[in-house]
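Asks:
Numbering (the numbering used here), first residue to last: 60 to 210.
#1: Whole angstroms is fine: what's the gap from residue 122's alpha carbon to residue 135's?
#2: Assign residue 200 to one of two classes, buried (16 or more other C-beta atoms within 10 Å of its C-beta) or exposed (fewer than that).
#3: So, is residue 88 buried or exposed, given that buried needs 16 or more other C-beta atoms within 10 angstroms?
#4: Is the separation between the beta-carbon of residue 188 and that of residue 173 shorter than 8 Å?
#5: Keeping to the same chain, check which residues put their C-beta closer than 7 Å to that of residue 205; ignore five residues upstream and five downstream.
#6: For the candidate residues 143, 178, 208, 192, whose alpha-carbon lies nearest to that of residue 105?
#7: Could you spell out the range, first to last residue, of the alpha helix (DSSP H) harbouring residue 133?
#8: What beta strand (DSSP E) runs, 3 residues minimum, are completely inside the stretch 79-129?
#9: How is residue 200 classed by DSSP in three states: helix, strand or coil?
#10: How many angstroms separate the CA atom of residue 191 from the CA atom of residue 116?
#11: Taking the CB atoms as reference points, tell me whether residue 166 and residue 139 lie closer together than 8 Å.
#12: Can you find the residues in the same chain that come closer than 8 Å, C-beta to C-beta, to residue 202, ignoring five residues on each side of it along the sequence?
#13: To which residues of the same chain is residue 198 closer than 8 Å at the C-beta, ignoring the five residues directly before and after it?
Structure (structure tokens):
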């Protein structure tokens, strides 16, 4: 592949654009600046997600305190908040399997949906959602075992 200026002497701009083998190169400085910039944006967004999750959990705790009543849906919602914080921690520190946490969050969310709507849902929908939980659990187990065996 040609880089800019290589075999391009005397070629017009249209010839260079028409040359499909030409690939512009990114300088090391530009690559470093872009990498650092994206890393900073990622960290800021992770902190924002963590703060929003903590605010949501605090709001839920305050609501539980006001009603003086805790039910299974509230407990499952607190697990969702905990799993989101755990996922942010894994993304932020880089330790652990980041792809497992969204699966755990989906499992907990589906379980919460079944608990909240099981009285009003058709029985086959409950079976479908329970099957989705089983499928997600098998996927999480397979991914965990695969990540352990590969490194």
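A virtual CB, placed ideally from N, CA and C, is assigned to each residue, including glycine.
Replies: On the basis of the data shown:
#1: Residue numbering aside, residue 122 sits at position 63 when the chain shown is read from its first letter. Residue numbering aside, residue 135 sits at position 76 when the chain shown is read from its first letter. So the two alpha carbons sit approximately 15 Å from each other.
#2: Position 141 of the chain shown holds residue 200. So residue 200 counts as exposed.
#3: One-based indexing of the chain shown puts residue 88 at position 29. Answer is exposed; the Cβ neighbour count stays below 16.
#4: Residue 188 sits at position 129 when you count from the first residue of the chain shown. Residue 173 sits at position 114 when you count from the first residue of the chain shown. Yes, Cβ-Cβ distance for residue 188 and residue 173 is below 8 Å.
#5: On the chain shown, residue 205 is found 146 positions in, with the first residue counted as 1. Hits under 7 Å: none found.
#6: On the chain shown, position 46 is the one that residue 105 refers to. Out of 143, 178, 208, 192, 143 has the C-alpha closest to the C-alpha of residue 105.
#7: Working through the chain shown from its first residue, we reach residue 133 at position 74. For residue 133, the enclosing alpha helix (DSSP H) begins and ends at 131-152.
#8: List check, beta strand (DSSP E) in window: nothing returned.
#9: Here residue 200 corresponds to residue number 141 of the chain shown, with the count starting at 1. If DSSP states are grouped into helix, strand and coil, residue 200 belongs with the helices.
#10: In the chain shown, counting from the first residue as 1, residue 191 sits at position 132. In the chain shown, counting from the first residue as 1, residue 116 sits at position 57. Roughly 26 Å between the two C-alpha positions.
#11: For this step, residue 166 is matched to residue 107 along the chain shown. For this step, residue 139 is matched to residue 80 along the chain shown. At a Cβ-Cβ threshold of 8 Å, residue 166 and residue 139 do not count as neighbours.
#12: Stepping through the chain shown from its first residue, residue 202 is reached at position 143. Take residue 202, set aside five residues on each side of it, and the residues of its chain with a beta-carbon closer than 8 Å to its own are 156, 158, 159, 162, in chain order.
#13: The count along the chain shown starts at 1 and reaches residue 198 at position 139. Residues of the same chain with a CB within less than 8 Å of the CB of residue 198, apart from the 5 flanking positions on each side, are 162 in chain order.
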